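Right, one structure below, let's go through it.
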Amino acid sequence: MNSDLSSLRVRDIGEQGLLERLQRFCPPDIIGDDAAVLETLPNQSLVVTTDILVDGVHFSNVTTSPEDAGWRAATANLSDLAAMGAFPLGITVGLGLPGDVSVDWVERLYQGMTECLQKYNVPIVGGDIVRSPITTLAITAFGQVNPGVIIRRSSAQVGDAIVVTGIHGASRAGLEILLHPEISQSFKTEEKAALIKAHQRPNPRLDVLPILQEILKSSCPIPVAGMDSSDGLADAVLQICRASKVGAIIEHKRIPMLSTLNQWVTAERILQYALYGGEDFELVLCLPPEPAFTLVQQLDAGAAIIGSITPGLTVILQYENEKIPDQVLSLSQGFQHF
25 MNSDLSSLRV RDIGEQGLLE RLQRFCPPDI IGDDAAVLET LPNQSLVVTT
75 DILVDGVHFS NVTTSPEDAG WRAATANLSD LAAMGAFPLG ITVGLGLPGD
125 VSVDWVERLY QGMTECLQKY NVPIVGGDIV RSPITTLAIT AFGQVNPGVI
175 IRRSSAQVGD AIVVTGIHGA SRAGLEILLH PEISQSFKTE EKAALIKAHQ
225 RPNPRLDVLP ILQEILKSSC PIPVAGMDSS DGLADAVLQI CRASKVGAII
275 EHKRIPMLST LNQWVTAERI LQYALYGGED FELVLCLPPE PAFTLVQQLD
325 AGAAIIGSIT PGLTVILQYE NEKIPDQVLS LSQGFQHF
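So, in structure tokens, the structure goes:
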């Protein structure tokens, strides 16, 4: 970016000037009216999700560039669609800005969103801009899904296997490295880079959906429960169990965690990162054991069956060492906004 553009501020060009610049990121035949019209296929349900990200809470210039903040914002919303079994159609962007934010920062934010969205052929189809004392980003994502294969939190059944689609704790480890660079001295360059990338550039697991649907297509309709692990693995299992009015046993030894962290933090801290670190954006799915096993076999390394759904309402973390007592998990142990 040249110095003239870097010094240009949002207040210098106003709302319409900023909108004109940002419209370059949207398909020209969709924007321009009061709302976007999205065509869907017959026998498809429209799925809509909204996520709000606030400067200093969800991102900061200490740990994320504007491009990374945009990428993470897009991933968070696409991940919510994936957690419903839905394929994305488009997003709208609501942006609250202080007047002294640079135009360069805003355009770089949109560039990061676009880089993520282009991987999945998802357009930005509109949005809104307002003055705000704090930079705030609110994205609404639209997706479609066949009503017969919608993934819901309330569909878990006793006996279901609990599947995670990948390793947990990497994003939190990457965040710690960004906040405290001195602690990464014992890591190899590629290991450090991978952890930072896990935090700054996570990917929504939309790739899981075609595999899951192909597995389930060959049998009678099977309800699948699930959500993403954006607020942590423990949170996802607890939320599913609460919605389904069931309990669960999670086996400690089966949780996919990063062994490379052993040189840096204790095993207890690694477990905390996996259970409560959040922002790994993997899927947590509950389905019968046979298709669950098939799904894990067809996914990348890191996917695993970590436990099962049980009667009752308690979620228990069970250790392979009988000398370590079982731990009852609760939502209060994880991140809560208030």
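Under the numbering used here, the first residue of the sequence shown is numbered 25, with each subsequent residue one higher.
Note that beta-carbon positions come from the ideal geometry of N, C-alpha and C, so glycine has one too.
The model shown is predicted, which means the values in this text are computed figures rather than measured ones.
Note to self: Ignoring anything shorter than 4 residues, give me the alpha helix (DSSP H) runs that lie fully in the region 52-121, in order along the chain.
What the structure shows: 90-107
Check: How many angstroms separate the CA atom of PRO52 from the CA atom of ILE115?
Finding: 15 Å
Check: Going by alpha carbons, who is nearest to SER354 out of GLY256, ARG48, LEU102?
Finding: GLY256
Checklist line | Supposed close pair GLU303, SER126 - CB separation, criterion 8 Å | finding: About 26 Å separates the two Cβ atoms, so there is no contact after all.
Note to self: Strictly by DSSP, which residues pair up with GLU275?
What the structure shows: GLN342
Margin query: Quick check: the Cα distance between GLY151 and GLN351, rounded to an integer number of angstroms?
Written below: 45 Å
Check: Alpha carbon to alpha carbon, how far is VAL261 from VAL308?
Finding: 7 Å
Notebook entry, point to check: Which residues in the same chain as THR159 place their Cβ atom closer than 7 Å to its Cβ, once the five residues preceding and following it in sequence are excluded?
Noted result: ASP79, GLY120, LEU121, PRO122, VAL125
Check: So, helix, strand or coil for ARG225, using DSSP?
Finding: coil
Next item on the list: Specify, as a first and last residue, the run of the beta strand (DSSP E) that ILE148 falls within.
Entry: 148-155
Checklist line | Three-way DSSP call (helix, strand, coil) for THR159 in this model | finding: coil
Next item on the list: Would you give the residue range spanned by the beta strand (DSSP E) that MET251 belongs to?
Entry: 249-252
Next item on the list: May I ask you to report which of helix, strand or coil DSSP gives LEU323?
Entry: coil
Checklist line | Cα-Cα separation, LEU62 to SER254 | finding: 27 Å
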